[in-house]
Structures are given as structure tokens and as C-alpha cells.
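As C-alpha cells, the structure follows; a few thoughts come after it.
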Amino acid sequence: MVTAMKESRGDKLFLISTYIYLCLALVVVLYPLIYILSASISSPQDVNSGAMWLFPKNVTLDGYKLVFENPKIWNGYLNTIIYTAVGTLLNLAVTLPAAYALSRSDFVGRQLFMGLILFTMFFSGGLVPTYLLVKNLGLINSMGALILPVAASVWNIVVARTFFQSTIPKELQEAAHIDGCTNLKLFIRIILPLSAPIVAVMALFYGVGHWNSYFPSLIYLNDEAKYPLQMVLRQILVLQEMSAETTGAAINGEVAMAMNNKAETASLVKYGVIVVSTLPIVAVYPFLQRYFVQGVMIGSVKG
Numbered sequence: 005m006v007t008a009m010k011e012s013r014g015d016k017l018f019l020i021s022t023y024i025y026l027c028l029a030l031v032v033v034l035y036p037l038i039y040i041l042s043a044s045i046s047s048p049q050d051v052n053s054g055a056m057w058l059f060p061k062n063v064t065l066d067g068y069k070l071v072f073e074n075p076k077i078w079n080g081y082l083n084t085i086i087y088t089a090v091g092t093l094l095n096l097a098v099t100l101p102a103a104y105a106l107s108r109s110d111f112v113g114r115q116l117f118m119g120l121i122l123f124t125m126f127f128s129g130g131l132v133p134t135y136l137l138v139k140n141l142g143l144i145n146s147m148g149a150l151i152l153p154v155a156a157s158v159w160n161i162v163v164a165r166t167f168f169q170s171t172i173p174k175e176l177q178e179a180a181h182i183d184g185c186t187n188l189k190l191f192i193r194i195i196l197p198l199s200a201p202i203v204a205v206m207a208l209f210y211g212v213g214h215w216n217s218y219f220p221s222l223i224y225l226n227d228e229a230k231y232p233l234q235m236v237l238r239q240i241l242v243l244q245e246m247s248a249e250t251t252g253a254a255i256n257g258e259v260a261m262a263m264n265n266k267a268e269t270a271s272l273v274k275y276g277v278i279v280v281s282t283l284p285i286v287a288v289y290p291f292l293q294r295y296f297v298q299g300v301m302i303g304s305v306k307g
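Going from the sequence shown to our numbering is simple: count from 1 and add 4.
What follows is the structure, given as C-alpha cells:
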């Protein structure tokens, strides 16, 4: 009969410390989520005065009503979906073939190309040279300015290359070549179907990056009709800050009240937009989670 090993005092203290740490980490992660969700359905007066600090107070759905009635938000939502879908497909089309080629031991010049790619990860051109390059390519105020400069991430190429090296046996490639399979057919018909975890992980990494990205649109886009949702949210935040600052200035009562109402409306819409803009990623993540852990661990630990 096997008896359980008795835990020492040090083991018990370590276990208690771990539980305390995990509880604190849970609170740190969970509190902002609950606060944002509660603030989106609470009275803006209670939110701004600090009366609402966790659970909703004076529940109202006016914020979501304003969000769904605002055409700028819907246009930004559509633009973000387009940028995310097209950008992620381009990222996968560039990253996966590059990573697979670099994982092949029979690829001539593999070390040279890998060194050149890694060099760009440590030494980038910087903001001004990148802006001038995008401008000279004629991509200013276009979708290409948000997608082409980030077509591939060196870090993701390294992770995907390690996955191919550690999971795709060389004998499989040799057998496919003996049966007359070309490199292109080998990659599309054999390698990709066997690489679902890393494809899902790359799609999640790139998709979340495109969805949350706003800085490239801030410097490359001039037309508000092409703004992604994050830029619309930024405009709402800036409007709220400007209204709050103006309210504190020496102005008459009616103007101050109007600006204050505008700031409260912007605050209400702000939390509603945050919830609405986060929902797609939250909805997609559970379907990719089982691939996420497997793909990241295999791709990042080995090699």
C-alpha cells in the first residue's frame, strides 16, 4: 500500500504562499474587468464620483444605446474587422512558409537568412525611417500602411520555425519526395494539416495585435472614414479629457453644464466601447485555447 509523502513545514509554507500569490494575481486581473463591465452599465455620475467602485450602481443601458446608434463606432468596427482579417491572412501567408523554409536542414543559406532576419529584431530602422518608407511607397492614408509594414514578426517566425523543427519528422518529408511530391504540395497538403496548433497560435497572436493596434493608424491615416475602432475610442477619450479640462476653466454656468454633460456622455460611451470592442477576442479565445498552450510550448521551449 502506497502512503502519501508527508509534507514538510517548508512545503506547506510554499504552498500557502503560492495560493496567496495566485489569489492576489486573480484580483489584479479580475478587478479591472469587473470595473469596466460595471461602469459601462452604471450612472456616469456614480462612476466619476467614485461611488461605483466594483458593482453597478443605478443601472442604465444608455451607454450601449449610444454606442449602437453611433455610425462612427460601427464604421470603426467594420474597419477593424477588415484590417484584422486581411492583416492576419497576410501574416500567416508570410510567416508560415518562411518559418518552414528556415526549419529545413537542406535549405541552402539557412543560417545566413536566419541571421539577417534576427538582425532586424534587435536593430530596427526606427519611427522616422519607417514613416518615410511608407510615404515613399505611396501607402499613406491607405490600408496597406497598417498591414504591409507588419506583414511578419521575427519573433513569431522563430517560434513557428522551432515548431516545424521539433514536430515534423524529416522522414515524412523524404517519403513525400519519393512519392513525387513537390515542396509546394508538401507544405500545403502535408505540413499545414499537421500544424494546426501553431497556425492557431499565430492567427491568435497576429489577430489580437491587429485588433488592438492604434498607433500606426494615428500616424498614417488622415481620413476618419478609415479609422479603426481603437482610433474612434481614442477620440472619445480625448473628447472626455478636453471637456473635463474646459469644465474647470472660467466659463459661465450653462456652458459648464453642457460641457459636463458631454464629458459624462463620453465617459459612458467609453466604457461601452471598451466592452463591445473586447467581446470578439474574448469570444474567439476559448476555441483556440487548446491549440494555444500546445503550440506555444512546443514552439518556444525546444530548439
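Just so it is clear, CB atoms sit at the ideal spot from N, CA and C, and this is done for glycine as well.
(request) Compare the beta carbon distance of leucine 70 and leucine 272 with 9 Å and say whether it is the shorter of the two. (result) Numbered from its first residue, the sequence shown carries residue 70 at position 66. Numbered from its first residue, the sequence shown carries residue 272 at position 268. For leucine 70 and leucine 272, yes; Cβs fall inside 9 Å.
(request) Could you tell me the boundaries of the alpha helix (DSSP H) in which serine 42 lies? (result) Locating residue 42 in the sequence shown gives position 38, where the first residue counts as 1. Run containing serine 42: 13-44, per the alpha helix (DSSP H) assignment.
(message) Spatial neighbours of alanine 89 within its chain, please: C-beta separation below 8 Å, excluding the five flanking residues on both sides.
(response) Working through the sequence shown from its first residue, we reach residue 89 at position 85. So the list is empty, once near-sequence residues are dropped.
(request) Quick one: residues in its chain with C-beta nearer than 8 Å to the C-beta of glutamate 11, no 5 flanking neighbours on either side, listed in chain order? (result) Reading the sequence shown from its first residue, position 7 is the one you call residue 11. So the list reads Leu19, once near-sequence residues are dropped.
(request) Would you identify the three-state DSSP class for serine 221, choosing helix, strand or coil? (result) Taking the first residue of the sequence shown as position 1, residue 221 is located at position 217. It is helical.
(request) May I have the straight-line CA-CA distance separating lysine 274 from tyrosine 81, to the nearest angstrom? (result) The sequence position of residue 274 within the sequence shown is 270, counting from 1. The sequence position of residue 81 within the sequence shown is 77, counting from 1. Cα to Cα, lysine 274 sits roughly 14 Å from tyrosine 81.
(request) May I ask you to report which of helix, strand or coil DSSP gives alanine 270? (result) Within the sequence shown, the letter at position 266 stands for residue 270. Looking at alanine 270 - three-state DSSP - the assignment turns out to be helix.
(message) On a Cα-Cα basis, can you pick out the residue from Tyr231, Tyr289 and Ile285 that is closest to tryptophan 78?
(response) As a working note, residue 78 is residue 74 in the sequence shown. Considering only alpha carbons, the answer is Tyr231.
(request) Have a look at leucine 208 and cysteine 185 and give me their C-alpha separation to the nearest angstrom. (result) For the purposes of this step, residue 208 is taken as residue 204 along the sequence shown, with counting starting at 1. For the purposes of this step, residue 185 is taken as residue 181 along the sequence shown, with counting starting at 1. About 30 Å.
(request) Keeping to the same chain, check which residues put their C-beta closer than 7 Å to that of valine 3; ignore five residues upstream and five downstream. (result) Here the chain comprises residues numbered 5 to 307, so residue 3 is not present and cannot be evaluated.
(message) Which residue wins for smallest C-alpha separation from alanine 287, given the options Ile223, Val212 and Leu233?
(response) For the purposes of this step, residue 287 is taken as the residue at position 283 of the sequence shown. The residue with the shortest Cα to Cα distance from alanine 287 is Val212.
(message) Out of Asn52, Phe72 and Leu65, which one is the CA nearest neighbour of serine 281?
(response) What you label residue 281 is simply residue 277 of the sequence shown in a count that begins at 1. Out of Asn52, Phe72 and Leu65, Phe72 has the C-alpha closest to the C-alpha of serine 281.
(message) Using only the alpha-carbon positions, how far apart do leucine 198 and phenylalanine 167 sit?
(response) Stepping through the sequence shown from its first residue, residue 198 is reached at position 194. Stepping through the sequence shown from its first residue, residue 167 is reached at position 163. Whole-angstrom Cα-Cα distance: 11 Å.
(request) Report yes if the CB atom of leucine 292 is closer than 9 Å to the CB atom of valine 205, and no otherwise. (result) Within the sequence shown, numbered from 1, the residue matching residue 292 stands at position 288. Within the sequence shown, numbered from 1, the residue matching residue 205 stands at position 201. For leucine 292 and valine 205, yes; Cβs fall inside 9 Å.
(request) Within the same chain, show all residues whose beta-carbon is closer than 6 Å to that of isoleucine 121, passing over the 5 residues directly before and after it, in chain order. (result) On the sequence shown, position 117 is the one that residue 121 refers to. Answer for isoleucine 121: Val158, listed in chain order.
(message) Rounded to whole angstroms, what is the Cα-Cα separation between isoleucine 278 and arginine 193?
(response) Numbered from its first residue, the sequence shown carries residue 278 at position 274. Numbered from its first residue, the sequence shown carries residue 193 at position 189. Going by the C-alpha atoms only, they are around 40 Å apart.
(message) Is it buried or exposed, isoleucine 223, if we count other Cβ atoms within 10 angstroms and call 16 or more buried?
(response) In the sequence shown, counting from the first residue as 1, residue 223 sits at position 219. With fewer than 16 other Cβ atoms within 10 Å, it is exposed.
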